[in-house]
Amino acid sequence: MLSSGLDEQFLHRCCVQLSAPLVDPAVLSTEQGNATRFAKQHAAAHPREVARALIWRVVDSADDTLDQSVNEDRAGAWSVLTAVIAECGDASSEVFRTSLGDHLASLLPYLVGYRWHTSVRSIQEDGLHSSAEVVLNYDKVVPASLVNGFSSRNVDSYAVATMNRRYRKYLTLWKSVWRPDVYQTLKDMVKRVEATGNFLPPMAEDVLVVPDGYRESLWRLRRTAPRPSITLELLRNYGWPMTMIPRENNNTVRAPSYVLPKTEAELRQLDPAMHRTVFQWLKTMHQKRGGCAGCDSWDHTDTRCPCEGPFWRSPSDENAMKTHRALVATVTGGAALPVLTYVQSARILYASNLRLPLRVPEALDTIAMLIRDEKPYEELLAAFDTVRGAVTGPRERHALWRHASYHLLPSKTVFAKPHDEALSPCMNKIRNLFRSSRRFQEWEQLMDAVDVLDMCFRRRDVSSRVRRNLEEVQATASFFFCLVDGSLAASFNPATYARVPEEVEALAPLKDNLCRVCLEPFHTAVTCPIVREDEEAEHRRHSTGTSATKPVIEEWDLQVARRVLEDNDCLFMKYPAEAYRLAAAMERIDVDDRPAKDFRKAELQLAVKLIHERRVAVCPQCNVTGHSLRNCERRAYRALSRESLRPIDVRLDPHKLRQCVRRYASEDALHGELLDAMDLYGRGAQLLPTAFMKAIREMDDARIPLAAARYATDTVQSFLLFSNSTDLLQHLRQFRAARFPEVCIFCDSYHHRSEDCTRCREDERGYLQELRRTGLTLWTYLLHRDAYDQLLPTDYARGKESVLALVEQFETDYRPGGVGRSRFFKDNDLPDMTPGAMIANTYASITETPISTQTRAAAAETSTGATETATAETVGAAGGEAALNGGEEDTLGRVSDSSDDKHQSALANCALSEEGHPRKKRPRSDGDGEQADTDARAGEEARVRQDTAEEPPTVRVHVEQEA
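The UniProt record's numbering numbers the first residue of the sequence shown as 1 and each following residue consecutively.
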């Protein structure tokens with residue numbers, strides 16, 4: 001171990017100065033000059049540190065060959081040491097007037113016995129750390145010479161003789177420097193080593209055994225290129241005052257930033273004897289403005305690190321705080337990351353050859369390779385997080401960058417582990433490599449990166465200690481995120497405002513991996529089980545169609561603040577107008593007999609800051625933050641229920657609610673609740689086009705199921721074109737709109753979702769809920785069915801088959817010969833135009849009517865078949881195009897505008913092509929219904945069609961809605 005009184009940072013500097021490889025003779029000559037210049041500069045002030053570094057450089061020399069007797073690097077280290085000893089014996093040298101020679105003389109006898117050149121048992125000394133590592137580097141077959149040791153017969157005699165002459169020169173030079181008694185002691189030790197081999201005296205272990213930290217410094221300059229973490233350590237070793245840049249927030253997790261030298265002159269002033277390589281590395285750091293120590297990369301700086309930027313919070317920007325509160329309820333978990341839909345994410349992953357179900361090792365490998373190749377990766381990482389329902393925080397991103405810097409893949413380092421406590425084969429090889437090259441700090445940093453990825457992606461679990469800390473914070477309902485995420489000033493720290501400060505500080509590194517609602521790891525608020533349970537319960541209670549009631553997402557700190565304000569009777573107060581209530585609460589804390597008065601007052605002040613100062617709405621009925629009483633959907637739903645209305649009824653036809661409002665006086669409480677419900681559902685983006693309600697009524701009157709019109713629109717359109725039902729075709733266009741209310745495929749109702757229907761089986765419900773979790777509905781899925789099947793595999797194959805069978809049944813019903821067609825003609829008192837019925841009518845016409853009538857009926861039958869064939873072809877072209885351009889929402893979440901003119905033109909052309917059709921649907925209206933029922937001649941049909949263009953007819957057959 002180190003003796004007391006040594007300057008550790010300067011000892012590291014000495015080790016770095018002597019750490020260059022000493023094999024090349026040209027390099028050796030240069031390093032001798034560097035060592036003597038450094039000794040002249042610092043031997044007077046730090047003789048012990050310089051002497052210790054010179055001794056250690058010989059001890060921890062490179063094992064460049066299995067035969068230690070011809071170790072060139074060790075011979076070079078002896079040469080550097082001898083050059084400094086020569087300076088100690090030169091009366092004209094500055095080193096002569098220091099105590100460096102005395103310190104070296106006291107250590108040399110031990111060093112000669114431990115590391116002098118010999119060919120006897122050179123690899124089996126206890127102190128040779130690298131010898132054991134050589135054995136570990138072998139796989140299954142270890143050479144016998146390595147096990148038995150090297151004998152003098154196995155050594156090249158010429159190399160041994162050359163090395164003997166070289167070491168004799170060192171001994172000769174020592175004779176002119178040391179006193180005779182010292183020299184004789186060293187000579188006797190040399191003879192003993194050459195005869196019996198090296199040995200480590202027990203009393204010299206504290207001096208000659210080099211700690212790992214200094215072994216790394218002794219090998220520092222043998223690297224080919226620097227890293228930001230290494231250059232930062234060098235800057236500290238060379239005496240730069242590591243002054244931290246003051247933090248502007250309370251985020252203590254992020255690594256501190258230091259004030260760095262601004263000019264090269266400041267670097268040169270650190271040490272006039274600085275090694276040239278060290279200066280070049282520090283110059284690189286100056287040019288790269290420090291790089292990023294977290295990612296260990298020169299590609300960006302700490303302040304512009306892409307891993308930290310999205311998670312940065314600043315208390316000085318209240319607008320950013322509002323944005324943060326909005327982001328908490330998204331898949332980003334509160335970070336300013338790209339917000340993608342599930343389908344968008346699936347497409348991005350698919351473009352990178354990543355198929356669903358997601359395989360995490362492959363995804364992480366792809367991201368690491370993009371970072372390694374300096375290609376954009378943020379969008380792919382955002383898609384990866386969206387699909388898995390969690391956030392990749394700064395620590396995991398730093399770990400991926402570190403993997404990329406070493407050209408490593410997480411699938412090899414993390415997911416190839418045989419069990420939790422073992423290393424993967426890849427990491428075992430890297431450990432041996434790093435240890436043999438004395439890169440202990442890098443090994444620890446790489447292991448930390450592997451542990452982070454292992455916890456977040458492979459095990460997806462935290463340690464027992466972290467679990468206890470989480471349970472303690474949850475049980476005590478302590479503030480957490482606002483004390484560690486940087487959203488407040490540095491004065492708001494866990495020690496002052498947390499109920500369990502030690503646990504909060506211990507959990508701070510996990511802040512970006514914890515759910516902002518339930519404080520559990522590895523999911524976001526959107527995928528939180530608690531929120532999802534509340535959402536499912538809400539939808540079971542009521543549904544508002546395509547704009548269903550959003551689940552209540554209340555952030556953890558707002559939950560705590562609400563409870564604190566509620567306990568102190570300060571929750572529903574007008575701040576700052578009623579600040580006296582806060583003062584009264586403070587006085588009550590002072591006079592009561594409960595302990596921790598100062599903490600409770602500080603906690604109350606923080607709660608006021610989070611809710612009242614930041615104008616966070618609180619609903620008194622729901623008793624949650626996030627919305628006000630006027631915007632409470634539950635309150636609005638209860639008010640509408642008293643009037644036998646649903647939110648979707650108001651969105652489709654606000655006039656119904658206006659009639660209900662008129663029945664109450666303005667001072668009535670229900671009057672105000674209904675007005676708030678009107679503001680919530682009957683205005684702005686919530687209001688739906690009036691054409692939707694009219695289309696629903698028309699389809700209802702025509703006894704065409706809404707589900708058939710919504711989910712089999714093309715087939716129904718083909719049938720209506722065939723039957724020449726121009727009025728219904730106009731209303732069918734509304735069923736192609738993306739904002740049209742969701743229709744239950746089981747019971748044909750637009751008041752609830754399909755998965756909420758009582759007729760829905762469990763497997764069908766599972767499939768429909770799975771679709772909704774991906775951001776799709778059954779209607780949007782059917783628009784691009786093949787594409788979605790390719791992107792989104794299902795876990796409910798049987799439920800999917802059953803639901804799609806219902807859709808196929810609707811299409812079958814309205815194809816030629818379908819039961820839906822026959823029912824339509826029967827319910828609307830129209831002649832049956834199905835092929836079978838038409839054949840029967842034609843036969844009856846032949847037997848009961850004159851020849852002219854028979855000819856006309858036969859012509860009509862021929863025209864009917866040709867028209868239906870042409871109609872099917874037209875629907876395949878124009879109708880298919882309308883399905884893609886009819887205002888539906890595409891897979892990327894964009895809503896395309898309907899091409900009304902183009903659609904109307906297609907319908908008009910189809911209608912004109914059937915002018916000669918003898919069995920079109922007869923229009924009905926209040927004024928000319930009798931005339932339309934009695935007039936069947938061709939001349940009258942043109943006039944009826946003209947009336948139809950001016951006033952679309954309606955079918956007023958009031959029947960119950962089909963189940």
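For each residue, glycine too, the CB sits at the ideal point set by N, CA and C.
All values reported here derive from a predicted model rather than from experimental measurement.
Backbone CA spacing between residue 252 and residue 808 [nearest angstrom]
Distance between the alpha carbons of residue 252 and residue 808: 59 Å.
Are residue 402 and residue 449 touching if we call contact CB-CB under 7 Å?
In this structure, residue 449 lies closer than 7 Å to residue 402 by Cβ.
Is there at least one non-hydrogen atom of the ligand ADP closer than 6 Å to the beta-carbon of residue 695?
The ligand content of the structure shown is nil, which means the ligand ADP is not present either.
Is residue 310 helix, strand or coil by DSSP?
Correct three-state label for residue 310: helix.
Residue 580 burial status per 10 Å Cβ neighbour count (16 or more: buried):
Counting the other Cβ atoms within 10 Å of the Cβ of residue 580 gives fewer than 16, which makes it exposed.
Does the separation of the CB atoms of residue 72 and residue 7 fall below 7 Å?
No, the pair does not count as a contact, with Cβ atoms beyond the cut-off.
Per-residue DSSP class, three states only, for residue 109
If DSSP states are grouped into helix, strand and coil, residue 109 belongs with the helices.
Proximal residues to residue 182 (C-beta, below 6 Å), its chain only, five neighbours per side dropped
Counting only Cβ-Cβ distances below 6 Å, and skipping sequence neighbours, we find 105.
Residues in the same chain with beta-carbon distance under 6 Å from residue 695, minus the five sequence neighbours each way, listed in chain order, please.
Cβ neighbours of residue 695 within its own chain (closer than 6 Å, five residues either side excluded): 731, 734.
Checking the sheet assignment: what are the DSSP bridge partners for residue 345?
Among the bridge pairs identified by DSSP, residue 345 is matched with none.
Once the 5 residues before and after residue 873 are set aside, which same chain residues still bring their CB inside 6 Å of it?
In this prediction, residue 873 has a pLDDT of 41, which is less than 50 and means its spatial position is unreliable; what the coordinates show is noted afterwards. Take residue 873, set aside five residues on each side of it, and no residue of its chain has a beta-carbon closer than 6 Å to its own.
Do you know how far the Cα of residue 255 is from the Cα of residue 395?
The C-alpha of residue 255 is placed about 11 Å away from the C-alpha of residue 395.
Straight-line gap, residue 569 to residue 600 (C-alpha atoms, nearest Å):
Going from the Cα of residue 569 to the Cα of residue 600 covers about 14 Å.
Just how far apart, CA to CA, sit residue 224 and residue 217?
When the Cα atoms are used, residue 224 and residue 217 turn out to be separated by approximately 15 Å.
Identify the continuous alpha helix (DSSP H) that holds residue 228 and give its terminal residues.
Segment 228-237, the alpha helix (DSSP H) holding residue 228.
Cut-off 7 Å between Cβ atoms - residues of its own chain near residue 158, not counting five sequence neighbours on either side
No residues qualify anywhere along the chain.
At the level of alpha carbons, what is the spacing between residue 612 and residue 409?
Residue 409 has its alpha-carbon roughly 48 Å from the corresponding atom of residue 612.
Please classify residue 258: does DSSP put it in a helix, a strand, or coil?
It is a strand residue.
Under the three-state DSSP convention, the category residue 606 falls into
Residue state, collapsed to three classes: helix.
Rounded to whole angstroms, what is the Cα-Cα separation between residue 97 and residue 54?
Residue 97 and residue 54 have their alpha carbons spaced roughly 18 Å apart.
Please list the terminal residues of the continuous alpha helix (DSSP H) segment that includes residue 369.
Taken as a continuous stretch (DSSP letters only), the alpha helix (DSSP H) holding residue 369 covers 360-372.
Taking a contact to mean a Cβ-Cβ separation below 7 Å, would you say residue 18 touches residue 74 in this structure?
No, the Cβ-Cβ distance between residue 18 and residue 74 is not below 7 Å.
Measure the Cβ-Cβ separation of residue 239 and residue 270 and say whether it is below 7 Å.
Against a cut-off of 7 Å, the Cβ pair of residue 270 and residue 239 comes out as a contact.
Pull up the CB-CB distance for residue 387 and residue 342, whole angstroms please, since I reckon it's below 8 Å.
The C-beta separation of residue 387 from residue 342 comes to about 7 Å, placing the pair in contact by the 8 Å criterion.
For residue 625, which residues does DSSP report across the bridge?
Looking at the DSSP assignment, residue 625 forms a beta bridge with 618.
Terminal residues of the alpha helix (DSSP H) in which residue 268 lies
If you look at residue 268, you'll find it in the alpha helix (DSSP H) that goes 264-268.
DSSP beta-bridge partners of residue 521:
Under the DSSP definition of a beta bridge, residue 521 partners with 514.
Is it buried or exposed for residue 777, if we count other Cβ within 10 angstroms and need 16 for buried?
Looking at its Cβ environment, which holds 16 or more other Cβ atoms inside 10 Å, residue 777 is buried.
Could you tell me whether the region 504-521 touches the region 474-484, where touching means 3 or more Cβ pairs closer than 8 Å?
Yes, the region 504-521 is in contact with the region 474-484.
What is the DSSP secondary structure of residue 15, reduced to helix, strand or coil?
For residue 15, the three-state secondary structure derived from DSSP is helix.
Can residue 391 and residue 309 be called in contact, C-beta distance under 7 Å?
No; because the gap between Cβ atoms is not below 7 Å, this pair is not in contact.
Is the region 156-175 touching the region 78-96, taking contact as three or more C-beta pairs under 8 Å?
The region 156-175, when compared against the region 78-96, does touch it at the 8 Å Cβ threshold.
Could you check whether residue 99 and residue 160 sit closer than 7 Å to each other, using their CB atoms as the reference points?
With contacts defined by Cβ atoms closer than 7 Å, residue 160 and residue 99 do not form a contacting pair.
Shortest alpha-carbon distance to residue 428 belongs to which of 417, 438, 437?
That would be 417, whose Cα lies nearest to the Cα of residue 428.
With 16 other Cβ atoms within 10 Å as the buried cut-off, status of residue 900:
At residue 900 the pLDDT is 42, less than 50, meaning the model places this residue with poor confidence and gives no usable figure here.
Identify whether residue 478 lies in helix, strand or coil by the three-state DSSP scheme.
In the structure shown, residue 478 sits in coil (DSSP, three-state: anything other than H, G, I, E or B).
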